[in-house]
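Line by line, the protein sequences give chains A and B.
For the first sequence, numbering that gives the first Met the number 0 begins at 0 and goes up steadily by one.
For the second sequence, numbering that gives the first Met the number 0 begins at 0 and goes up steadily by one.
Structure first, then comments.
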Amino acid sequence: MTYTISAPPHKKDKLDFRSLNLSKILALLPLCLVAIYFFGVPAFGIILASVLAAVATEFGIQTMLKQKLTITDGHAAMTGLMLALLIPPEAPLWIPVVGGFFAIAVGKHVFGGIGSYIFNPVLVAWVFIRSAWSSNMIPLSIPHTGQFSDLILEHGAGLMVDVSPIALIGGVYLIYKKYVDWRIPLAFFATMVLFPQTLLFISGVSALVHDGVLNPLMYMSQLFIFLSMSPEIPYAMIGIVFFGILFLATDTPTSPVTKTGRLVYGVTCGLLVSIYGYFGNYVDGTLYGIFLANCVASFIEINTMPSSFGTQSLPQKVYRRVMDKVPASLKFEVMKNE
Amino acid sequence: MVSLRGDKVEIKTLDKLPEKIIIPLRQHRGMVCEPLVKKGDRVLIGQKIGESKDYNSSAVHSSVCGEVIAIEESAHPDGNKAMSIIIHPEECDETVAFSPCKDLKPEKLAELIKESGIVEHYGMPTHVVLKPKGKNIDTVLINATSSEWIGGTFKTPRDYASQMMDALKLLMKAAGAKKGAIVLRIDDKESIDAFEGIEVDKKKLRVAPLVGSRRIGYYFREQSSDIVVVSQKRIYGKKILNFFTYNVTGRKVDIGCDPTDVGVAICSIKSAKALYDAVHEGKPYYETVVSIEGFSDNMEYIRVKIGTPFKDIIEACGFTGEIGKIIANGVRTGVAQYTDLVPVTKGTTRISMQKPEEVIRDESVACIHCARCVDVCPVELIPSRLAVMADQGRFDECRVLHIDNCIECGDCAAVCPSKIHILQLIRYAKDAIEMAYEDMPSKESSNLKLGCACGGE
Chain A
0 MTYTISAPPH KKDKLDFRSL NLSKILALLP LCLVAIYFFG VPAFGIILAS VLAAVATEFG
60 IQTMLKQKLT ITDGHAAMTG LMLALLIPPE APLWIPVVGG FFAIAVGKHV FGGIGSYIFN
120 PVLVAWVFIR SAWSSNMIPL SIPHTGQFSD LILEHGAGLM VDVSPIALIG GVYLIYKKYV
180 DWRIPLAFFA TMVLFPQTLL FISGVSALVH DGVLNPLMYM SQLFIFLSMS PEIPYAMIGI
240 VFFGILFLAT DTPTSPVTKT GRLVYGVTCG LLVSIYGYFG NYVDGTLYGI FLANCVASFI
300 EINTMPSSFG TQSLPQKVYR RVMDKVPASL KFEVMKNE
Chain B
0 MVSLRGDKVE IKTLDKLPEK IIIPLRQHRG MVCEPLVKKG DRVLIGQKIG ESKDYNSSAV
60 HSSVCGEVIA IEESAHPDGN KAMSIIIHPE ECDETVAFSP CKDLKPEKLA ELIKESGIVE
120 HYGMPTHVVL KPKGKNIDTV LINATSSEWI GGTFKTPRDY ASQMMDALKL LMKAAGAKKG
180 AIVLRIDDKE SIDAFEGIEV DKKKLRVAPL VGSRRIGYYF REQSSDIVVV SQKRIYGKKI
240 LNFFTYNVTG RKVDIGCDPT DVGVAICSIK SAKALYDAVH EGKPYYETVV SIEGFSDNME
300 YIRVKIGTPF KDIIEACGFT GEIGKIIANG VRTGVAQYTD LVPVTKGTTR ISMQKPEEVI
360 RDESVACIHC ARCVDVCPVE LIPSRLAVMA DQGRFDECRV LHIDNCIECG DCAAVCPSKI
420 HILQLIRYAK DAIEMAYEDM PSKESSNLKL GCACGGE
């Protein structure tokens with residue numbers, strides 16, 4: 000009898016690259032359905048054109064360069080789908096076709112294919128068509144979450160991603176299933192919430208300084224501002240921001256691999272998007288912000304390389320140094336004298 | 000890797016005599032033993048058939064009674080061939096006279112360990128671990144995290160606990176160590192219950208979890224005892240010793256050194272039990288319990304004589320279907336066998352079988368930097384980066400990224416959605432670094448700091 004021999008491990012997880020991509024497409028399907036219901040046939044046409052253009056481009060490039068065909072892994076389709084959601088439904092059909100082509104050809108294959116690109120192909124294509132044909136790419140309206148029902152169906156949506164923030168719940172499910180890491184979305188979202196609140200706090204304090212208030216309790220009371228919601232938050236909590244948090248920022252090749260690096264990257268995304276959005280609008284702000292964050296991803300990665308296990312970090316070293324000087328009688332130690 | 004074990008576990012004994020018994024003369028790291036018998040000789044159970052003068056070796060005993068039919072190279076579960084003594088067994092229970100030898104002096108105890116052929120499952124002869132040349136051992140640990148109490152011949156869990164405690168005292172005596180600890184797995188309730196409240200020197204011990212910065216040093220003080228029982232998460236892998244030492248004692252083992260350099264000896268349940276038997280019954284190490292996996296959902300345990308070919312064990316378990324892969328020592332890190340005529344050695348703990356359709360045949364694609372490997376790595380490495388560096392032969396950069404810390408658990412390769420052979424690449428780089436160390440002239444090593452910095456091996 001013959002036996003297979005191979006290097007260990009002899010048992011691996013079933014999850015592969017293809018199922019990761021397909022799961023993301025599935026997670027986006029509810030949003031697509033709501034968008035088609037909301038915008039009608041043109042939305043469907045744009046999704047179809049973009050996906051087909053992306054897949055056809057990948058097929059063409061890989062056939063021409065005699066590479067192994069990878070269209071079945073779903074990455075091109077996913078890229079096309081994500082791009083379509085960022086195009087206004089009124090745009091002519093050739094826009095998503097050019098966008099899909101640009102995303103795969105320039106965004107992905109010029110940089111060396113899967114895992115090698117430094118910018119998210121979706122954003123590369125979006126930035127390109129946005130600057131080349133800006134008249135076709137400006138959405139008719141910028142949403143604003145005025146009431147709770149806007150989270151379910153946003154009537155001010157100008158882009159397909161904005162139609163229903165709640166339809167993006169699939170992205171949260173992916174995090175729950177550990178298909179997507181939780182660190183980037185959490186840090187990103189927390190920064191998006193904390194940034195406007197901090198601005199509010201700073202403006203409150205500076206107003207007091209301006210008035211010449213000397214009572215420190217007055218300054219302390221400004222901390223209660225964190226309990227009330229900043230007027231900026233309804234503008235920030237819109238569909239495209241959630242899309243950026245759950246789907247664009249978590250694109251794995253363009254985010255750091257280290258654990259702390261991913262947290263830092265999430266905060267970086269949050270800061271950039273908040274600053275852009277604060278001065279401009281959150282639709283462009285999200286996409287440009289994440290695009291810029293992609294630039295610093297590798298910088299974050301190489302600066303957050305973990306040290307050898309058991310090495311003390313700086314706070315631990317300081318703590319040790321202080322604790323070693325404290326006399327033993329003053330130390331609080333959990334000791335039972337039985 | 001969680002063992003699916005019901006409430007009742009029985010250890011079967013392999014009754015049927017195999018056609019031939021293959022006893023490799025090298026079942027440990029170190030010198031190969033010289034055969035003490037010739038072709039045609041008749042051997043008895045427990046008779047010493049291989050021995051080496053070298054300190055770094057361990058004696059080999061016959062596990063059956065029968066006739067030596069050949070001394071030749073034969074397949075070894077490590078994957079290569081080793082000089083082996085092949086015995087045709089007979090239906091006979093004749094043994095050499097076993098003489099229990101309690102109350103031995105420490106020096107004699109180490110000698111007894113060598114003579115009884117006790118080795119650790121990771122390869123080192125136990126007496127070399129306990130009394131390494133030129134090093135002092137002050138702490139002895141028994142690693143019970145990977146085996147259940149059933150890993151020996153114990154009637155009840157309580158029996159297991161008291162025998163382990165006695166064995167630990169023996170090991171400490173042999174090593175001349177003052178302190179000792181038994182490390183259990185934190186989710187292994189049965190063992191923890193068995194050890195809870197065990198009395199050592201008229202003092203009741205509690206099973207203490209290793210959490211935060213509390214290592215055994217803390218519990219030695221807290222329980223004011225020289226022996227403690229602690230529990231921690233399961234660690235597995237091929238090279239866990241340094242990480243294990245750090246986790247349990249807080250002592251950092253330098254790269255290229257082993258735990259004995261910091262005064263820690265790590266023994267396994269199997270060797271502890273073998274020592275207990277050697278002292279109390281005079282039996283050398285010629286029987287072992289292996290677990291069999293792959294026939295059904297449940298793990299089966301079977302007591303076999305060392306040298307029994309895998310084929311006979313598989314037949315005895317009643318498995319008849321087609322087998323795609325036979326793996327010694329676990330599906331995560333074990334070695335796939337090319338023949339079923341490899342014998343069970345002292346280092347064999349588990350035999351896993353896979354059906355032809357279960358054998359994985361994945362194709363690697365490019366790394367997508369999903370960082371799953373980073374999340375699962377127990378020693379805080381960046382496996383994806385190491386794999387790329389190793390693939391390109393940039394071994395110096397691998398060392399900068401602490402490749403030597405890798406415990407070779409294989410988690411990174413198992414979770415990889417791109418199916419990259421990360422473990423294989425990391426091992427390749429580690430081997431290359433070790434080889435560079437071997438044939439590098441000593442004066443040229445100034446720019447490349449390799450090997451142990453503290454004067455050990």
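Every residue, glycine too, gets a C-beta built ideally from N, C-alpha and C.
- With contact defined as three or more Cβ pairs closer than 8 Å, the region 255-268 of chain A and the region 296-306 of chain A are in contact.
- Within the DSSP secondary-structure output, Thr-12(B) pairs in a beta bridge with Arg-302(B).
- Membership of Ile-94(A) in any beta strand (DSSP E) is not indicated; the residue belongs instead to the alpha helix (DSSP H) covering 93-101.
- Taking 8 Å as the threshold, the shortest C-beta distance from Asp-180(A) to chain B falls below it.
- Counting only the Cα atoms, Val-252(B) lies some 39 Å from Leu-19(A).
- Of all residues in the region 413-433 of chain B, only Ala-413, Val-414, Cys-415, Pro-416, Ser-417, Lys-418, His-420, Leu-422, Gln-423 and Arg-426 place a beta-carbon less than 9 Å from a beta-carbon of chain A.
- Taking the Cα positions, Phe-187(A) is about 19 Å away from Ile-117(A).
- Selection Ser-145(B), Pro-23(B), Lys-304(B) and Pro-34(B) evaluated against Lys-232(B) yields Ser-145(B) as nearest (Cα-Cα).
- Identification of chain B residues near Ala-53(A) by a Cβ-Cβ cut-off of 7 Å yields none; the smallest Cβ-Cβ distance measures about 17 Å.
- Taking all protein chains in view, the Cβ of Thr-332(B) is crowded by 16 or more other Cβ atoms within 10 Å, so the residue is classified as buried.
- Annotation for Gly-44(A): Leu-92 place their beta carbon closer than 7 Å to its own, counting only its chain and skipping 5 residues before and after.
- In this structure Asp-311(B) touches Pro-17(B) by the C-beta definition: roughly 4 Å separates them, less than 8 Å.
- Taken through DSSP and simplified to helix, strand or coil, Met-82(B) comes out as strand.
- Put simply, the CB of Phe-16(A) is near chain B, with a gap under 8 Å to one of its CB atoms.
- Contact between Ala-166(B) and Lys-272(B) holds, with the beta-carbon distance rounding to 7 Å and staying under 8 Å.
- Along the region 307-338 of chain B, going in chain order, the ones with a CB nearer than 8 Å to a CB of chain A are Glu-321, Ile-322, Gly-323, Lys-324, Ile-325, Ile-326, Val-330, Arg-331, Thr-332, Gly-333, Val-334, Ala-335, Gln-336, Tyr-337 and Thr-338.
- For the 8 Å CB-CB criterion, Ile-305(B) and Thr-344(B) form a contact.
- Cβ proximity to chain A below 9 Å picks out Ser-351, Gln-353, Pro-355, Glu-357, Val-358, Ile-359, Arg-360, Asp-361, Val-364, Ala-365, Cys-366 and Ile-367 from the region 343-367 of chain B.
- Shown here, Pro-283(B) sits in coil according to DSSP, grouped into three states, outside any helix or strand.
- Burial state of Lys-269(B) is buried, judged by a 10 Å Cβ sphere holding 16 or more other Cβ atoms.
- Around the beta carbon of Lys-107(A), 16 or more other beta carbons lie within 10 angstroms, which makes this residue buried.
- DSSP links Ile-291(B) through a beta bridge to Glu-299(B) and Ile-350(B).
- For His-120(B), no CB of chain A lies under 8 Å from its own CB, so it is not counted at the interface with that chain.
- For Glu-72(B), no CB of chain A lies under 8 Å from its own CB, so it is not counted at the interface with that chain.
- For Ser-273(A), no beta strand (DSSP E) segment is defined; the enclosing uninterrupted segment is the alpha helix (DSSP H) at 258-278.
- At a cut-off of 8 Å between beta carbons, Cys-369(B) contacts chain A.
- Within the region 8-47 of chain A, the complete alpha helix (DSSP H) segments of 4 residues or longer fall at 16-38, listed in chain order.
- Residue pairing from DSSP places Ile-326(B) in a beta bridge opposite Ala-335(B) and Ser-351(B).
- The criterion of a C-beta distance shorter than 8 Å is not satisfied by Val-272(A) and Gly-238(A).
- Cα atoms of Leu-213(A) and Pro-230(A): separation of roughly 28 Å, rounded to the nearest angstrom.
- In the three-state reduction of the DSSP assignment, Ala-143(B) falls in the strand class, which pools E and B.
- Looking from the CA of Ser-98(B), the closest CA among Gly-45(B), Asp-374(B), Leu-13(B) and Asn-328(B) belongs to Gly-45(B).
- Burial state of Phe-147(A) is exposed, judged by a 10 Å Cβ sphere holding fewer than 16 other Cβ atoms.
- Of the residues assessed, Pro-355(B) falls on the exposed side of the cut-off, its CB having fewer than 16 other CB atoms within 10 angstroms.
- Leu-111(B) and Glu-72(B) have their C-alpha atoms spaced approximately 28 Å apart.
- Counting only Cβ-Cβ distances below 9 Å, Met-77(A) has no contacts in chain B at all, with the closest Cβ about 12 Å away.
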